[in-house]
Amino acid sequence: WRALEELDLGAGQMLLVHGAAGAVGTLAVQFALARGARVIGTASAAGLTHLTGLGAAATAYGAGLAERVRALAPGGVDKALDTSGADVLHDSVDLTGSPDHVLTLADPVAARAHGVRFSSGGGTDDRTAEALAAVGALHENATLTRRIHGVLPLSQAARAHRIAEAGHLDGKIILTP
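For the sequence shown, the positions run 1 to 177 when this note's numbering is used.
And the structure:
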(Lines of atoms letter the chains of each structure in order from A and count residues from 1; the text may use other names and numbers.)
(Lines give C-alpha, C1' and ligand atoms only; values in the text may rest on other atoms or scores of the structure.)
Protein backbone atom coordinates (compact mmCIF):
# COMPACT_ATOMS: atom_id res chain seq x y z
CA TRP A 1 0.00 0.00 0.00
CA ARG A 2 2.75 2.40 0.99
CA ALA A 3 4.70 1.69 -2.19
CA LEU A 4 1.72 2.85 -4.25
CA GLU A 5 1.46 5.97 -2.12
CA GLU A 6 5.17 6.60 -2.57
CA LEU A 7 4.66 6.31 -6.34
CA ASP A 8 1.68 8.68 -6.03
CA LEU A 9 -0.43 6.26 -8.05
CA GLY A 10 -3.79 7.70 -8.99
CA ALA A 11 -7.02 6.44 -10.47
CA GLY A 12 -6.83 5.88 -14.21
CA GLN A 13 -3.04 5.59 -14.26
CA MET A 14 -1.28 2.56 -15.73
CA LEU A 15 0.93 0.67 -13.28
CA LEU A 16 3.44 -1.98 -14.30
CA VAL A 17 4.11 -4.50 -11.50
CA HIS A 18 7.09 -6.83 -11.87
CA GLY A 19 6.78 -10.07 -9.92
CA ALA A 20 3.04 -9.54 -9.87
CA ALA A 21 2.08 -13.17 -9.23
CA GLY A 22 4.20 -13.42 -6.07
CA ALA A 23 2.86 -12.72 -2.60
CA VAL A 24 3.84 -9.03 -2.51
CA GLY A 25 3.08 -8.47 -6.19
CA THR A 26 -0.38 -10.02 -5.88
CA LEU A 27 -1.26 -7.61 -3.09
CA ALA A 28 0.20 -4.66 -5.01
CA VAL A 29 -1.95 -5.54 -8.04
CA GLN A 30 -5.08 -5.71 -5.90
CA PHE A 31 -4.29 -2.49 -4.03
CA ALA A 32 -3.67 -0.66 -7.31
CA LEU A 33 -6.92 -1.92 -8.84
CA ALA A 34 -8.78 -0.85 -5.69
CA ARG A 35 -7.34 2.65 -6.18
CA GLY A 36 -8.80 2.72 -9.70
CA ALA A 37 -5.51 2.20 -11.51
CA ARG A 38 -5.05 -0.06 -14.51
CA VAL A 39 -2.41 -2.75 -14.05
CA ILE A 40 -0.06 -4.81 -16.18
CA GLY A 41 1.67 -7.56 -14.24
CA THR A 42 4.78 -9.49 -15.22
CA ALA A 43 5.22 -13.06 -14.06
CA SER A 44 6.38 -16.48 -15.11
CA ALA A 45 4.10 -18.30 -17.53
CA ALA A 46 2.60 -20.20 -14.58
CA GLY A 47 1.38 -16.97 -12.95
CA LEU A 48 -0.32 -15.30 -15.91
CA THR A 49 -3.76 -16.84 -15.39
CA HIS A 50 -3.68 -15.78 -11.74
CA LEU A 51 -3.03 -12.17 -12.77
CA THR A 52 -5.79 -12.02 -15.35
CA GLY A 53 -8.12 -13.52 -12.74
CA LEU A 54 -7.34 -10.56 -10.50
CA GLY A 55 -8.22 -8.13 -13.29
CA ALA A 56 -4.73 -7.21 -14.49
CA ALA A 57 -3.31 -7.51 -17.97
CA ALA A 58 -0.42 -9.96 -17.86
CA THR A 59 2.77 -10.75 -19.72
CA ALA A 60 5.64 -13.14 -19.13
CA TYR A 61 9.19 -12.21 -18.22
CA GLY A 62 11.94 -12.53 -20.76
CA ALA A 63 13.22 -11.16 -24.02
CA GLY A 64 10.90 -8.63 -25.62
CA LEU A 65 9.22 -7.66 -22.34
CA ALA A 66 9.24 -3.92 -23.07
CA GLU A 67 7.64 -4.46 -26.48
CA ARG A 68 4.92 -6.69 -24.99
CA VAL A 69 4.18 -4.09 -22.31
CA ARG A 70 3.95 -1.35 -24.95
CA ALA A 71 1.46 -3.48 -26.87
CA LEU A 72 -0.66 -3.90 -23.72
CA ALA A 73 -0.42 -0.20 -22.86
CA PRO A 74 -0.49 1.81 -26.10
CA GLY A 75 -1.13 4.94 -24.02
CA GLY A 76 2.03 4.31 -22.02
CA VAL A 77 2.95 3.24 -18.51
CA ASP A 78 2.69 5.88 -15.80
CA LYS A 79 4.41 4.12 -12.89
CA ALA A 80 6.33 0.88 -12.28
CA LEU A 81 6.77 -1.19 -9.14
CA ASP A 82 9.41 -3.92 -8.95
CA THR A 83 8.76 -6.68 -6.42
CA SER A 84 10.99 -9.24 -8.16
CA GLY A 85 14.53 -7.90 -8.30
CA ALA A 86 14.83 -9.56 -11.70
CA ASP A 87 16.84 -6.92 -13.58
CA VAL A 88 13.77 -4.99 -14.76
CA LEU A 89 14.64 -1.44 -13.75
CA HIS A 90 16.19 -0.33 -17.06
CA ASP A 91 13.04 -1.31 -18.97
CA SER A 92 10.87 0.24 -16.25
CA VAL A 93 12.60 3.61 -16.53
CA ASP A 94 12.34 3.42 -20.31
CA LEU A 95 8.63 2.54 -20.20
CA THR A 96 7.68 5.23 -17.66
CA GLY A 97 10.00 7.88 -19.06
CA SER A 98 11.57 8.76 -15.71
CA PRO A 99 13.39 7.08 -12.83
CA ASP A 100 11.11 9.14 -10.56
CA HIS A 101 8.18 6.98 -11.68
CA VAL A 102 9.83 3.69 -10.67
CA LEU A 103 10.12 2.09 -7.24
CA THR A 104 11.78 -1.21 -6.32
CA LEU A 105 11.12 -3.18 -3.17
CA ALA A 106 13.63 -5.83 -4.17
CA ASP A 107 16.95 -4.47 -5.43
CA PRO A 108 18.65 -1.54 -3.66
CA VAL A 109 21.90 -1.95 -5.63
CA ALA A 110 20.15 -1.76 -9.01
CA ALA A 111 18.02 1.11 -7.70
CA ARG A 112 21.15 3.20 -7.17
CA ALA A 113 22.55 2.20 -10.56
CA HIS A 114 19.36 3.29 -12.37
CA GLY A 115 18.55 6.30 -10.19
CA VAL A 116 15.24 4.86 -8.99
CA ARG A 117 13.85 4.76 -5.49
CA PHE A 118 14.18 1.78 -3.18
CA SER A 119 11.81 1.13 -0.31
CA SER A 120 12.05 -1.53 2.35
CA GLY A 121 8.43 -0.93 3.32
CA GLY A 122 9.13 1.11 6.43
CA GLY A 123 7.22 4.23 7.24
CA THR A 124 6.05 6.55 9.95
CA ASP A 125 3.45 5.47 12.49
CA ASP A 126 0.77 7.75 11.01
CA ARG A 127 1.29 6.29 7.53
CA THR A 128 1.25 2.78 9.00
CA ALA A 129 -2.12 3.41 10.61
CA GLU A 130 -3.53 4.79 7.35
CA ALA A 131 -2.20 1.85 5.36
CA LEU A 132 -3.55 -0.70 7.83
CA ALA A 133 -6.97 0.96 7.81
CA ALA A 134 -7.11 0.92 4.01
CA VAL A 135 -5.97 -2.69 3.77
CA GLY A 136 -8.34 -3.70 6.56
CA ALA A 137 -11.26 -2.17 4.66
CA LEU A 138 -10.36 -4.18 1.55
CA HIS A 139 -10.12 -7.33 3.65
CA GLU A 140 -13.50 -6.68 5.30
CA ASN A 141 -15.09 -6.25 1.88
CA ALA A 142 -13.63 -9.64 0.86
CA THR A 143 -11.81 -7.85 -1.96
CA LEU A 144 -8.37 -9.34 -1.32
CA THR A 145 -7.27 -12.66 -2.76
CA ARG A 146 -4.32 -14.45 -1.25
CA ARG A 147 -2.56 -17.39 -2.82
CA ILE A 148 -1.94 -20.44 -0.68
CA HIS A 149 0.67 -22.94 -1.84
CA GLY A 150 -0.20 -25.49 0.81
CA VAL A 151 -1.17 -26.22 4.39
CA LEU A 152 1.10 -28.27 6.65
CA PRO A 153 0.98 -29.14 10.34
CA LEU A 154 3.36 -27.20 12.57
CA SER A 155 5.26 -30.43 13.15
CA GLN A 156 6.39 -30.16 9.50
CA ALA A 157 7.78 -26.63 9.79
CA ALA A 158 11.22 -27.80 8.67
CA ARG A 159 9.69 -29.28 5.51
CA ALA A 160 7.79 -26.04 4.88
CA HIS A 161 11.05 -24.13 5.22
CA ARG A 162 12.79 -26.41 2.70
CA ILE A 163 9.91 -25.92 0.25
CA ALA A 164 10.10 -22.15 0.68
CA GLU A 165 13.89 -22.14 0.27
CA ALA A 166 13.51 -23.98 -3.05
CA GLY A 167 11.59 -20.92 -4.26
CA HIS A 168 8.98 -20.27 -6.93
CA LEU A 169 6.00 -21.01 -4.72
CA ASP A 170 2.58 -20.15 -6.04
CA GLY A 171 1.54 -18.76 -2.65
CA LYS A 172 2.18 -18.92 1.06
CA ILE A 173 2.62 -22.05 3.14
CA ILE A 174 0.24 -22.09 6.09
CA LEU A 175 1.32 -23.93 9.24
CA THR A 176 -1.48 -25.20 11.49
CA PRO A 177 -1.29 -26.36 15.13
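Where is the CB? At the ideal position from N, CA and C, for every residue including glycine.
Only a predicted model underlies this, so the values are computations on that prediction, with no experimental measurement involved.
Proximity winner among the options, relative to residue i (alpha-carbon distances)
i	options	result
Asn-141	Ser-92, Phe-31, Ser-98, Leu-103	Phe-31
Ala-71	Ile-40, Lys-79, Arg-159	Ile-40
Gly-12	His-161, Ile-148, Leu-152, Gly-76	Gly-76
Thr-52	Gly-62, Ala-20, Arg-68	Ala-20
Thr-96	Arg-162, Val-69, Arg-112	Val-69
Asp-82	Ala-166, Arg-146, His-101	His-101
Gly-62	Arg-112, His-50, Asp-91	Asp-91
Identity of the residues DSSP links to residue i by a beta bridge
i	result
Val-17	Gly-41, Leu-81
Arg-117	Leu-103
Ala-176	The residue you asked about is not Ala; residue 176 is Thr in the sequence shown. According to DSSP, Thr-176 bridges with Pro-153.
Ala-57	Ile-40
Contact under 8 angstroms by Cβ, residue i with residue j
i	j	result
Ser-84	Ala-110	no
Leu-65	Val-29	no
Ala-57	Ala-43	no
Ala-3	Leu-89	no
Ala-86	His-18	yes
Ala-46	Asp-170	yes
Ala-23	Arg-147	yes
Beta-carbon proximity list for residue i, same chain, < 6 angstroms, skipping 5 on both sides
i	result
Leu-154	Leu-175, Pro-177
Pro-108	Phe-118
Beta-carbon contacts of residue i that lie in its chain and below 7 angstroms, excluding the five residues immediately before and after
i	result
Leu-9	Leu-15, Ala-32, Arg-35, Ala-37, Lys-79
Leu-48	Ala-58, Ala-60
Ala-160	Leu-152, Ile-173, Leu-175
Asp-94	Ala-66
Ala-164	Ile-173
Same chain, Cβ closer than 8 angstroms to residue i, five either side skipped, listed in chain order
i	result
Glu-6	Leu-103, Arg-117, Ser-119
Ala-179	Because the chain spans 1 through 177 in this model, residue 179 falls outside it and cannot be assessed.
Ala-157	Leu-175
Unbroken alpha helix (DSSP H) runs of length 4 or more, entirely within the segment 142–173: which are they?
Runs of the alpha helix (DSSP H) lying entirely within the segment 142–173 and spanning at least 4 residues, in chain order: 157–166.
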